[in-house]
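Residue numbers (the working numbering): 4 to 430.
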């Protein structure tokens, strides 16, 4: 017979309540130091725009390459004015593209922005996904002094998933379109956004796009795939072309690529990966069978043109780090997919909230280091490779002894299952 203490029962009830409410803002008691929300209240605003003259990949034929106004819907989180009351909801759909769900977080809808100037972070989902898939990062980083913008990639969302060739072509251009939109945005929200100092966070196909955007152009083999972008149009993202070189943006200072897809199908070679020129933090699950963990390790090893890191969640699959906890509606078969929607969000080994918290910690340190110039954040990357090999050595009052080597920002035992590696430019 299982007996729960009063404290244990309270935690169980709280966890169940969080799932029922579809919370995106949960911070576990054992979360690392930089995971908790920051000093700013958070506002959120939905906006839409179009970019004219984009190639309409879905309607390309042998005889025609039509153009159209490509649509974008974005969710913008931002530091809100002092005194803003926290709390708000997001109405969306789960992975099946039809079943409605409401997510709950801390951002106040259409709140007044805080005063100041804040770096921009673009958040780019996978195929399929939507702008709420990494909403935990959008809120969390905004509370720490960033304007974060997560977009719906047309032809790649739960509700409009279409031919893969559109995603292959458009992903990095979509990411740049968001920066351009924010740079031209009028009003108080535009006034506080520093687009000259931008970071990009991408998951799966979002990670693919971020790497291309950061300088890693694709191969001729990728251009030629019969199942890819038609008529060789992916050459716009090909290494060594004027088009790809023109895509790379000086405003982008750092990239986080989570589970980036593509190397497993030779979308990059050594030449292309050497072209990556932005400091990069890769995150991956060690048993990822979608993007292939060995392939992602090759990205890490071959991107010698920049400083880069690889954070590995040992035992995790493709859902490592990025997705929000599975909404309650995803825990049942909706009869629309041939798998449980839950499987799109969750991992068989790792708790999603724990992975989210670890991701928030490292994303905060990485963006603060590269977008805000906070050199104190470098200590969170000076780590022994395997967390469990770190030694906890503390004085009686809790200060670290000289031989203390456990991961910075993590209490004893709480970094278990994580691996961290770094390579400097040229290595």
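Every residue, glycine too, gets a C-beta built ideally from N, C-alpha and C.
Check                                                                                                                            : Outcome
Where the beta strand (DSSP E) containing residue 45 begins and where it ends                                                    : 45 to 58
Neighbourhood of residue 83 by C-beta, 7 Å cutoff - its chain only, sequence neighbours within 5 removed                         : 43, 44, 45, 46, 111, 114, 115, 116, 117
Selected residue, minimal CA-CA separation from residue 148, among 371, 179, 355, 252                                            : 371
Contact set for residue 163: own chain, Cβ-Cβ below 6 Å, skip 5 residues either direction                                        : none
Local conformation of residue 4 per DSSP, three classes                                                                          : Annotation note: pLDDT 36 at residue 4 (below 50); position unreliable, coordinate value reported separately. Here residue 4 sits in coil by DSSP.
Own chain partners of residue 69 with C-beta closer than 8 Å, once the 5 adjacent residues on each side are dropped              : 58, 59, 62, 63
Closest residue to residue 386 among 400, 279, 409, 288 (Cα-Cα distance)                                                         : 409
Helix, strand or coil at residue 210 according to DSSP, with G and I counted as helix                                            : helix
Nearest candidate by alpha-carbon position, reference residue 52, set 29, 132, 181                                               : 181
First and last residue of the uninterrupted beta strand (DSSP E) at residue 122                                                  : 121 to 127
Run of the beta strand (DSSP E) containing residue 137, from where it starts to where it stops                                   : Here residue 137 belongs to no beta strand (DSSP E), and DSSP marks it neither H nor E.
Counterpart residues of residue 258 in DSSP-defined beta bridges                                                                 : 203, 283
Rounded Cβ spacing between residue 152 and residue 79 (contact assumed at less than 8 Å)                                         : 5 Å
Limits of the beta strand (DSSP E) - the one that residue 96 falls within                                                        : 91 to 96
Per DSSP, the bridge partner or partners of residue 79                                                                           : 48, 152
Spatial neighbours of residue 201 in its chain, beta-carbon cut-off 8 Å, leaving aside the 5 residues before and after           : 122, 123, 124, 125, 182, 252, 254, 255, 256, 374
contact_flag[the segment 293 to 306, the segment 353 to 370] where n(CB pairs < 8 Å) is 3 or more                                : no
Buried versus exposed call for residue 430 [16 or more other C-beta atoms within 10 Å across all chains shown]                   : exposed
Chain-order list of residues whose beta-carbon lies under 6 Å from that of residue 27 (same chain, five-residue window excluded) : 106, 108, 138, 139, 327
For residue 325 and residue 229, the rounded distance between their alpha carbons                                                : 30 Å
Proximal residues to residue 388 (C-beta, below 8 Å), its chain only, five neighbours per side dropped                           : 422, 423, 424
Simplified DSSP state of residue 407, which is helix, strand or coil                                                             : coil
Contacting residues, own chain, Cβ-Cβ under 8 Å from residue 427 (five flanking each side not counted)                           : 310
Residues that DSSP places opposite residue 221 in a beta bridge                                                                  : 241
Residues near residue 362 in its chain [Cβ-Cβ closer than 6 Å; skip 5 each side]                                                 : 324
Beta-bridge partners of residue 74, as assigned by DSSP                                                                          : 53
Simplified DSSP state of residue 172, which is helix, strand or coil                                                             : helix
Simplified DSSP assignment, three categories, for residue 235                                                                    : helix
Residue 116, DSSP secondary structure in three states                                                                            : strand
C-beta atoms of residue 298 and residue 283 nearer than 8 Å                                                                      : no
N-terminal and C-terminal residue of the alpha helix (DSSP H) that residue 103 is part of                                        : Premise fails: residue 103 lies in the beta strand (DSSP E), 103 to 108, not in any alpha helix (DSSP H).
Counterpart residues of residue 288 in DSSP-defined beta bridges                                                                 : 316
Identified DSSP bridge partners for residue 424                                                                                  : 313
C-alpha distance - residue 129 paired with residue 411, whole-angstrom precision                                                 : 30 Å
Beta-carbon spacing of residue 175, residue 240 below 8 Å                                                                        : yes
Own chain residues within Cβ distance below 7 Å of residue 50, not counting five before or after                                 : 77, 79
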